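Residue 1 is where the sequence shown starts when you use full-length UniProt numbering, and the numbers rise one by one after that.
For every residue, glycine included, the Cβ atom is placed at its ideal position computed from N, Cα and C.
Since the model is a prediction, treat every value here as computed from it, not as a measurement.
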Amino acid sequence: MTVGGRVVALCAVSLLVSGCGVPLQDEPQRIERARATPDPSAPSAEAGQRDATIFLVRGNRLEPVRRVLQRSDGAELLRALFGGPADAERRRGIRSAIPTGVTPVQVTRTGSVAVVEAPEQITRAGGEDRVLAVAQIVYTLTASDGVRSVQLTRSGAPTAAPSGDGRLVTRPLTRADFIERAPAG
Numbered sequence: 001m002t003v004g005g006r007v008v009a010l011c012a013v014s015l016l017v018s019g020c021g022v023p024l025q026d027e028p029q030r031i032e033r034a035r036a037t038p039d040p041s042a043p044s045a046e047a048g049q050r051d052a053t054i055f056l057v058r059g060n061r062l063e064p065v066r067r068v069l070q071r072s073d074g075a076e077l078l079r080a081l082f083g084g085p086a087d088a089e090r091r092r093g094i095r096s097a098i099p100t101g102v103t104p105v106q107v108t109r110t111g112s113v114a115v116v117e118a119p120e121q122i123t124r125a126g127g128e129d130r131v132l133a134v135a136q137i138v139y140t141l142t143a144s145d146g147v148r149s150v151q152l153t154r155s156g157a158p159t160a161a162p163s164g165d166g167r168l169v170t171r172p173l174t175r176a177d178f179i180e181r182a183p184a185g
């Protein structure tokens with residue numbers, strides 16, 4: 001190759017490489033924070049595992065956190081949710097409104113509705129934590145593909161559950177019912 005050919009080739013390579021850079025902007029751009037709070041102590045997903053988001057509580061609002069699960073079906077999501085926060089999450093002020101010792105429940109799906117046999121500890125609880133516990137279940141399950149609402153049942157029949165304003169309803173609940181508890185940001 002001649003010297004002129006090398007210069008042309010070097011210029012072509014330089015132009016190609018410079019085109020791969022980050023473009024400049026006239027104004028600074030805001031970068032949105034991640035939807036789920038990463039837990040540095042949480043393992044990363046390996047083959048056969050899935051990243052999932054569950055919703056815990058910080059203050060009086062829901063807080064998305066990441067979990068690595070074997071499956072991402074409704075029962076597995078609720079098992080992770082009922083497990084509560086990791087130690088690192090607790091140190092950051094994250095908690096669960098779901099009482100400790102709640103056992104996994106049956107979750108089925110009818111179209112876009114997740115039907116949950118509600119744990120007795122949640123349906124009998126009172127106060128603000130009852131609303132937050134139901135909101136945690138609704139947000140966690142509606143993070144799944146295709147799930148738009150959650151119907152809580154007892155012995156297979158719809159049961160009264162609090163909506164975001166504390167009113168008891170027997171209809172399927174959506175994220176819109178708990179908008180005032182939605183994650184900040």
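Inspect the beta-carbon positions of residue i and residue j and report whether they are closer than 9 Å.
| i | j | result |
| --- | --- | --- |
| R66 | D87 | no |
| E120 | R79 | no |
| Q136 | L62 | yes |
| P172 | F55 | no |
| T140 | L77 | yes |
Near residue i, which residues of its chain fall below 6 Å by C-beta distance, leaving aside the five closest residues on each side in sequence?
| i | result |
| --- | --- |
| R58 | G93 and I94 |
| T142 | R175 |
Beta-carbon within less than 8 Å of residue i's beta-carbon, same chain only, minus the 5 sequence neighbours each way: which residues are those?
| i | result |
| --- | --- |
| D100 | Per the sequence shown, the amino acid found at residue 100 is Thr instead of Asp. For T100, where only same-chain residues beyond five positions count, the Cβ hits under 8 Å are G84. |
| V102 | F82, P119, Q121 and I122 |
| T53 | R35, A36, P64, V65, R66, R67, T140 and A143 |
| A160 | T123, L168, V169 and T170 |
| N60 | E128, L132 and R181 |
Please report the Cβ distance between residue i and residue j, rounded to the nearest whole angstrom; I am assuming they are in contact, meaning their Cβ atoms lie under 8 Å.
| i | j | result |
| --- | --- | --- |
| I122 | V134 | 7 Å |
| V147 | A114 | 5 Å |
Helix, strand or coil for residue i per DSSP?
| i | result |
| --- | --- |
| R91 | helix |
| Q121 | helix |
| E180 | helix |
| R58 | strand |
| Q136 | helix |
| T159 | coil |
| R79 | helix |
| D51 | strand |
Sort the options by Cα distance to residue i and report the nearest one.
| i | options | result |
| --- | --- | --- |
| G74 | D177, P104, Q49 and I98 | P104 |
| S144 | G111, S72, F82 and I98 | S72 |
| R175 | A160, G127, V131 and A157 | V131 |
| R126 | L69, R109, Q70 and A97 | First, the amino acid is wrong: residue 126 is Gly here, not Arg. Of the listed residues, the one whose Cα sits closest to G126 is A97. |
| G166 | I179, L141, A157 and T110 | I179 |
| P158 | D129, T142, Q70 and V116 | V116 |
| G164 | R181, G156 and S149 | R181 |
| S112 | E128, S149, V138 and D129 | S149 |
| R109 | Q49, G156 and D177 | G156 |
Considering only residues of the same chain and omitting the five flanking positions on each side of residue i, which have a CB-CB separation below 7 Å?
| i | result |
| --- | --- |
| Q49 | V68, L69 and Q70 |
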